[in-house]
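Sequential numbering of the sequence shown, starting at 186, is according to the numbering used here.
Below is one structure, written out as structure tokens; comments come after it.
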Amino acid sequence: MQTHNLGYPRIGSDRELKKACESYWAGKISIHDLVKVGKTIRNQNWETQKNLGMDWIPSNDFSFYDHVLDTSLMLGAIPKRYNKILENQSNSELDLYFAMARGVQKDGIDVRAMEMTKWFNTNYHYIVPEFEENQKFSFFSTKIVDEFLEAKNAGINAKPVIIGPVSYLLLGKEVDKSFNKIDLIKNLLPVYIEILNKLKEAGVEWIQFDEPFLVMDLEPKAKEALRYVYNEIDKQFPSIKKMIATYFGSIGDNLELAYSLPVQALHIDCVHGFKQLDGALELAPKEMILSLGVVDGRNIWKNDFDKSLDVIQKAVTKIGEDKIFIAPSCSLIHTPVDLDLETDEKTLTPEIKDWLSFAKQKVEEIATIKALAIGSNDSEILDKKERNSNSIKNRKESVLTHNKEVRQRMEQLQSISDKRISAFSERKKKQLEALQLPLYATTTIGSFPQTKEVRSWRSKNKKGIISDSEYQKLLEEETQRAIRIQEEIGLDVLVHGEFERNDMVEYFGEQLEGITFSKKGWVQSYGSRCVKPPIIFGDVYRPEPMTVEWTSYAQSLTDKPVKGMLTGPVTILQWSFVRDDQPRRDTCYQIALAIRDEVHDLEEAGINLIQIDEPAIREGLPLRKNDWQDYLQWAIKAFRISSCGVKDETQIHTHMCYSEFNDMIQEIADMDADVITIECSRSNMDLLEVFSKFKYPNDIGPGVYDIHSPRVPTQEEMVFLLKKAKESIPVEQLWVNPDCGLKTRGWDETKKALEYMVAAALQMRQEV
Ligand SMILES: Nc1nc2c(c(=O)[nH]1)N[C@@H](CNc1ccc(C(=O)N[C@@H](CCC(=O)N[C@@H](CCC(=O)N[C@@H](CCC(=O)O)C(=O)O)C(=O)O)C(=O)O)cc1)CN2
Ligand code: MET
Ligand SMILES: [Zn+2]
Numbered sequence: 186m187q188t189h190n191l192g193y194p195r196i197g198s199d200r201e202l203k204k205a206c207e208s209y210w211a212g213k214i215s216i217h218d219l220v221k222v223g224k225t226i227r228n229q230n231w232e233t234q235k236n237l238g239m240d241w242i243p244s245n246d247f248s249f250y251d252h253v254l255d256t257s258l259m260l261g262a263i264p265k266r267y268n269k270i271l272e273n274q275s276n277s278e279l280d281l282y283f284a285m286a287r288g289v290q291k292d293g294i295d296v297r298a299m300e301m302t303k304w305f306n307t308n309y310h311y312i313v314p315e316f317e318e319n320q321k322f323s324f325f326s327t328k329i330v331d332e333f334l335e336a337k338n339a340g341i342n343a344k345p346v347i348i349g350p351v352s353y354l355l356l357g358k359e360v361d362k363s364f365n366k367i368d369l370i371k372n373l374l375p376v377y378i379e380i381l382n383k384l385k386e387a388g389v390e391w392i393q394f395d396e397p398f399l400v401m402d403l404e405p406k407a408k409e410a411l412r413y414v415y416n417e418i419d420k421q422f423p424s425i426k427k428m429i430a431t432y433f434g435s436i437g438d439n440l441e442l443a444y445s446l447p448v449q450a451l452h453i454d455c456v457h458g459f460k461q462l463d464g465a466l467e468l469a470p471k472e473m474i475l476s477l478g479v480v481d482g483r484n485i486w487k488n489d490f491d492k493s494l495d496v497i498q499k500a501v502t503k504i505g506e507d508k509i510f511i512a513p514s515c516s517l518i519h520t521p522v523d524l525d526l527e528t529d530e531k532t533l534t535p536e537i538k539d540w541l542s543f544a545k546q547k548v549e550e551i552a553t554i555k556a557l558a559i560g561s562n563d564s565e566i567l568d569k570k571e572r573n574s575n576s577i578k579n580r581k582e583s584v585l586t587h588n589k590e591v592r593q594r595m596e597q598l599q600s601i602s603d604k605r606i607s608a609f610s611e612r613k614k615k616q617l618e619a620l621q622l623p624l625y626a627t628t629t630i631g632s633f634p635q636t637k638e639v640r641s642w643r644s645k646n647k648k649g650i651i652s653d654s655e656y657q658k659l660l661e662e663e664t665q666r667a668i669r670i671q672e673e674i675g676l677d678v679l680v681h682g683e684f685e686r687n688d689m690v691e692y693f694g695e696q697l698e699g700i701t702f703s704k705k706g707w708v709q710s711y712g713s714r715c716v717k718p719p720i721i722f723g724d725v726y727r728p729e730p731m732t733v734e735w736t737s738y739a740q741s742l743t744d745k746p747v748k749g750m751l752t753g754p755v756t757i758l759q760w761s762f763v764r765d766d767q768p769r770r771d772t773c774y775q776i777a778l779a780i781r782d783e784v785h786d787l788e789e790a791g792i793n794l795i796q797i798d799e800p801a802i803r804e805g806l807p808l809r810k811n812d813w814q815d816y817l818q819w820a821i822k823a824f825r826i827s828s829c830g831v832k833d834e835t836q837i838h839t840h841m842c843y844s845e846f847n848d849m850i851q852e853i854a855d856m857d858a859d860v861i862t863i864e865c866s867r868s869n870m871d872l873l874e875v876f877s878k879f880k881y882p883n884d885i886g887p888g889v890y891d892i893h894s895p896r897v898p899t900q901e902e903m904v905f906l907l908k909k910a911k912e913s914i915p916v917e918q919l920w921v922n923p924d925c926g927l928k929t930r931g932w933d934e935t936k937k938a939l940e941y942m943v944a945a946a947l948q949m950r951q952e953v
């Protein structure tokens, strides 16, 4: 029996990588310094895992931005528009890499970034590979070999991690529809072979091929490609030990296929695919090693050793001790780095801290579980077992997780209305009358620039350097500035700007009971951007209003309507670490009730438009279509619980980004928000097609410009998009807004872009 890890967080325990990357982008540190930071993080990670007794430590799990983009660079899948960057001798490989990730707009060069999208059902985002017809690949970046040798130098015989060729293709997109990306496997395989040759020369023993698509519904072509590549790889490298890693769910009907591949080990997720265990043990081929992902790589609860040992015991009986690896369920990049850094007992009480485990602790758990499984009677190990049992028991019996009033309210859930009083057509008349908004009404999605200053006020306030009242005053001034700017620009529906919020989920997590948070529990979301997911440990309720003061304050400054801004229950659930001792559905309903209370209080305070953001509703969809209906049923109901307790005149908005609605348009309509704003500009309004076909009845604000790039769009571009929108959606239903919130942008570009946007709306109105 051996232990291994699938990946360790690469941001550094104090977000060193974020800081180094952003400094490099700002021209404040040299490439040399940046590279050094990366090297330090890698070496620290290896040393940590080695000291904790991990048998097989991963390499190539480090990334300066994203591991899918690393793979594209490794394979020379570099879109032609970056040739200019390549040709400029003063640019390094990393400059090209960052150009692909973020785009470049300087010295007369203007190239857009590659697209970014969600990594399966997580809040991690990857850079989407772009393929053209007959795409050629080449061994371009040697990072995977370099980092293996670097580990070797540090005394570690690492296991390189590589995205498997089939999953790599499936993660990408065809730039036009003239071909099927899976057919590129023929061009791709020789490059993988070349890379494996180099790794073999370097002395690798194990390689981990990530093929997470094995837990999804696969087309026959993809299955065929899997058989083809792994057979070829086996033919050429019989002596290298190959592991295929799956995660986030059950392999299900792909199990037979997975087992037929000529590899030495298969990793299965025993947490998010717990139900696959018996079948997998039953059918396991004689020579195959099964890697059991028993420690949850997506959540922060301590592992229950007794449960894990049961699983392992079962496996030992079926397939034998020497055919078992112990591992986390998936890469640990989805968990924060180190619980030991949480030393502030006011933020995270010792009682709750004792229930948790971050990446470093999870590695230790894996080593301990193995020791116990092979019957160690080392006193230190037995002591760890004892302490584990106590923590698990304490959490189970804690009064902190249960709240009587919440439970009672949950029992009454049936009697709480999740329907608006009147149908949309009726509401629309009343809202038109009450709000007096023009056609092509303009608004924004909520946040305005979270500048360095705003963040430093918050940071200083937390450290006690500036007082609460001073902090309050600074935020009031910033909000006032934002209101004045919006008035000057001529927007129709204003927002307060969200300056008081550190993050749209964390802010609510901090104010709701039953939820706690960490100080350093950062997790990478994309590139250098991180989030600190709240920790939902108990029954959730709202002790007092959360947003009424700031919204009312903003409304008091202007005669224009100010839209209240809330994060919806599904998104709070999806972007938090969620308790695993009750169904997610129930936790979601509890949050929905808390948001419903907030909506009610905003309405009472005279706020007539309330936006409930649900950007994560699509990402929450289960990986298998079979499981969709169950999820959608409770997710949509949760939204309706939070949004439907208002009078007809109150206009409910919702916002979603990264959304493909093709398979869930009925459910989007069932949410019955009066206005939905969606991300649309990057797809040139193509997303509207599904709304149009469905004859979506309520109002829609298709985003007219991309907020992920500092590039300022022109008025003409936005008029073009609005004209396109008008072709599929009746003018009476259309709103005008950016794709998403503006918190990551600067003020200069924000003001310009919004001025052009309002001008574009005026132009459209004149044409009606
Ligand atoms: N939870 C979540 N998921 C999401 C999104 C989102 O907004 N929230 N948006 C989509 C895209 N993902 C995103 C994720 C993060 C960020 C983002 O901007 N993150 C910030 C951190 C936000 C935050 O929590 N800020 C805190 C802490 C800021 C900080 O670093 N403070 C410094 C001090 C700063 C100073 O003194 O100048 C420190 O603590 O060291 C605050 O404002 O208070 C970052 O990485 O920079 C943006 C988009 C999808 N998923
Ligand atoms: C990721 S969706 C963001 C919505 C939020 N209201 C904002 O404007 O930032
Ligand atoms: Zn958004």
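Heads up, the beta-carbon is just placed ideally off N, CA and C, and yes, glycines get one too.
query, result
"Strand pairing of H838, partner residues [DSSP]", "Q796, V860"
"Close beta carbons around D438, own chain, < 7 Å, minus the five adjacent residues each side", "none"
"Expected contact under 8 Å - CB spacing of K366 and G357 to nearest Å", "6 Å"
"Alpha-carbon to alpha-carbon, S208 and W231", "25 Å"
"For A430, the first and last residue of its enclosing beta strand (DSSP E)", "426-430"
"Under the three-state DSSP convention, the category M942 falls into", "helix"
"Proximity of G464 and C515 at Cβ, strictly below 8 Å", "no"
"Same chain, Cβ closer than 7 Å to Y413, five either side skipped, listed in chain order", "I370"
"Between the CA atoms of D529 and K578 - distance to the nearest angstrom", "24 Å"
"Status (buried if at least 16 other CB within 10 Å, exposed otherwise) for K492", "exposed"
"Contact set, ligand 3 heavy atom to C-beta under 6 Å", "I630, P800, H840, C842, C925, G926"
"Those residues which DSSP pairs with A450 across a bridge", "M428, I474"
"Candidates M239, M856, L567, of which the one nearest D798 by Cα", "M856"
"Residue closest to I780, alpha-carbon to alpha-carbon, out of Y726, R612, H893", "Y726"
"Given 8 Å, three or more beta-carbon pairs between the region 273-291 and the region 245-262", "yes"
"Whole-Å CB distance - M428 paired with A450, under 8 Å assumed", "4 Å"
"CA-to-CA distance, E404 to I537, given in whole angstroms", "45 Å"
"CB contact flag (L468, Y432, <8 Å)", "no"
"4 or more residues per run - each alpha helix (DSSP H) lying fully within the region 742-788", "754-759"
"Residues of its chain near G261, where Cβ-Cβ distance is below 6 Å and the 5 sequence neighbours each way are ignored", "F322, S323, F325"
"DSSP three-state assignment for Y282, whether helix, strand or coil", "helix"
"Assigned secondary structure, E315 (DSSP; H/G/I helix, E/B strand, else coil)", "strand"
"Close beta carbons around T233, own chain, < 8 Å, minus the five adjacent residues each side", "Y193, K545, V548"
"Minimum C-alpha distance to Y656 - residue among A667, R640, Q671", "R640"
"D812: CB within 7 Å of a non-hydrogen atom of ligand 1", "no"
"Unbroken alpha helix (DSSP H) run spanning G694, endpoints", "691-696"
"Cβ pair I551, M186 closer than 8 Å", "no"
"Option nearest W920 by Cα separation, candidates V763, P623, I474", "P623"
"Reduced DSSP secondary structure (H/G/I, E/B, other) of H310", "strand"
"Cβ contact check for the region 235-243 and the region 265-276: 3 or more pairs under 8 Å", "no"
"Range covered by the alpha helix (DSSP H) that runs through G723", "Run containing G723: none in the alpha helix (DSSP H); it sits in the beta strand (DSSP E), 720-726."
"Spatially closest choice to K581 from I518, W486, R594, L524, by CA coordinates", "W486"
"Delimiting residues of the beta strand (DSSP E) encompassing G223", "From DSSP, G223 is part of no beta strand (DSSP E) but of the alpha helix (DSSP H) over 216-236."
"Check: M689 C-beta below 7 Å from any heavy atom of ligand 2", "yes"
"Paired residues, beta bridge with G512 - DSSP", "Strictly speaking, residue 512 in this sequence is Ala, with Gly absent from that position. DSSP lists G478 as partners of A512."
"Among H681, E695, E804, nearest to T743 - alpha-carbon criterion", "H681"
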